[in-house]
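In what follows, a single structure is set out as structure tokens and then discussed.
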Amino acid sequence: MSPAASGPSHAGPLYWTQMPKSTLPALVATVALVLAACGQTATSGRAADLAAVTGQATASTTTLSAGQTRQFTVTVAGQPAQPGQLTWSSTNAGVASVTQGGLVTAKAAGSATVRAALTGSPASFIDFPIVVQAVAGATPATPSGTFAQRVLDLTNAARTQARTCGSTTYAATTPVTYNAALEKAAQAHAADMAAKNYFSHTSQDGRTFSQRVTAAGYSWTRVAENIAAGQPTPEAVVAGWLQSAGHCANIMNPALKELGVGYAAGGSYGHYWVQDFGTR
1 MSPAASGPSH AGPLYWTQMP KSTLPALVAT VALVLAACGQ TATSGRAADL
51 AAVTGQATAS TTTLSAGQTR QFTVTVAGQP AQPGQLTWSS TNAGVASVTQ
101 GGLVTAKAAG SATVRAALTG SPASFIDFPI VVQAVAGATP ATPSGTFAQR
151 VLDLTNAART QARTCGSTTY AATTPVTYNA ALEKAAQAHA ADMAAKNYFS
201 HTSQDGRTFS QRVTAAGYSW TRVAENIAAG QPTPEAVVAG WLQSAGHCAN
251 IMNPALKELG VGYAAGGSYG HYWVQDFGTR
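Residue numbers for the sequence shown follow full-length UniProt numbering, so the first one is 1 and each next one is one higher.
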């Protein structure tokens, strides 16, 4: 598709989330525990009397890189766990720590087991084996281009302030860190749009943004993309994104932890911009 060069343009933002599939062996307990993973649910066995049996289960191993986070969700009898209903613990908090809400943070290379146990019946639990790998290779701490650096700076400046994106209010949040693989995907797509004179989240070869990010070597659990065309400066493009509800939401989303930026000149619009966000 060749866009008409009538002025700056913003395509609708995209946001996907993916979490690894987990499986559980049969669990017999006074309540059923369920590990939910992005719509894919591994269910436990049937309920029974805890006076007669104790229920225990082990999920499949989760592998993380140091610095990554992963949210685990356990439901009780098919319902979201209430505050205090589960007790979360880690056998090695120096390797993988866990909050009482089930958010696991990979700290350092090694192994640990995170457990979600019924507070009133600690013998009923699900264990989550965690393997943390050291980060292989250094990721550049700064973008490769001055325009990309400025977009990163403006994005993080925006995240320091609470704001409303459309009808949703976002609190101030932590800055995103720069990632070379996300930059590779973003820069390639910006250059492709400029060279082939089109404007879309979908490449002309049919690839989606998530496929491009994966092909660039980024292993993700959440990914999002903002694109724009026609804006001559980083200030103009970030301001435009912040005025658009969906693009603003991607910028302010606290669940998105890393960013890569692409910029290319050419095509009908003259300037093409891409932000690829991700969480590993």
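Here a beta-carbon is modelled for each residue, glycine too, at the ideal position from N, C-alpha and C.
Please report the Cβ distance between Ala117 and Ser124, rounded to the nearest whole angstrom; I am assuming they are in contact, meaning their Cβ atoms lie under 8 Å. Counting from one through the sequence shown, the residue named residue 117 turns up at place 117. Counting from one through the sequence shown, the residue named residue 124 turns up at place 124. About 7 Å; that satisfies the 8 Å criterion.
When the Cα of Arg150 is compared with those of Ala66, Met193, Val237 and Ala181, which residue comes out closest? One-based indexing of the sequence shown puts residue 150 at position 150. The closest CA to that of Arg150, considering only Ala66, Met193, Val237 and Ala181, is found on Val237.
If you run the structure through DSSP and keep just helix, strand and coil, what is Ala185? Here residue 185 corresponds to residue number 185 of the sequence shown, with the count starting at 1. Annotated three-state conformation of Ala185 is helix, per DSSP.
Residue closest to Thr87, alpha-carbon to alpha-carbon, out of Ala77, Gln79, Ala93 and Val98: The residue you call residue 87 lines up with position 87 of the sequence shown. Closest option to Thr87, judged by alpha-carbon separation, among Ala77, Gln79, Ala93 and Val98: Val98.
Ordered along the chain, which non-local residues of its own chain (more than five positions away) have a Cβ less than 8 Å from that of Val95? Here the question's residue 95 lines up with position 95 in the sequence shown. If we look at Val95 and ignore the five residues flanking it on each side, its Cβ neighbours are Ala106, Lys107, Ala108, Ala109, Gly110, Ser111, Ala112, Ile130 and Val132.
DSSP three-state label for Leu256, please. For the purposes of this step, residue 256 is taken as residue 256 along the sequence shown, with counting starting at 1. Coil.
Assigned exposure category for Gly103 - 16 Cβ within 10 Å defines buried: Within the sequence shown, residue 103 is the residue found at index 103, counting from 1. The residue asked about is misnamed: residue 103 is Leu in this sequence, not Gly. With fewer than 16 other Cβ atoms inside 10 Å of its own Cβ, Leu103 counts as exposed.
Would you list the residues sitting across from Trp88 in a DSSP beta bridge? As a first step, residue 88 is located in the sequence shown; it is residue number 88 there, counting from the start. Paired residues: Ala116.
Would you say Ala190 and Tyr263 are within 8 Å of each other, going by their C-beta atoms? What you label residue 190 is simply residue 190 of the sequence shown in a count that begins at 1. What you label residue 263 is simply residue 263 of the sequence shown in a count that begins at 1. Taking 8 Å as the Cβ cut-off, Ala190 and Tyr263 qualify as a contacting pair.
Using 8 Å as the cut-off, can you tell me whether the region 221-235 makes contact with the region 197-207, which would need three or more C-beta pairs spanning the two stretches below that distance? When Cβ pairs closer than 8 Å are counted between the two stretches, the region 221-235 is seen to touch the region 197-207, the count reaching three or more.
Alpha carbon to alpha carbon, how far is Ala162 from Met252? Give it in angstroms, no decimals. Against the sequence shown, residue 252 aligns to sequence position 252. Against the sequence shown, residue 162 aligns to sequence position 162. Rounded to whole angstroms, Met252 to Ala162 spans 9 Å at the Cα level.
Work out the CA separation of Gly101 and Ser90 for me, nearest whole Å. If you number the sequence shown from 1, residue 90 lands on position 90. If you number the sequence shown from 1, residue 101 lands on position 101. For Ser90 and Gly101, the gap between their C-alpha atoms comes out near 13 Å.
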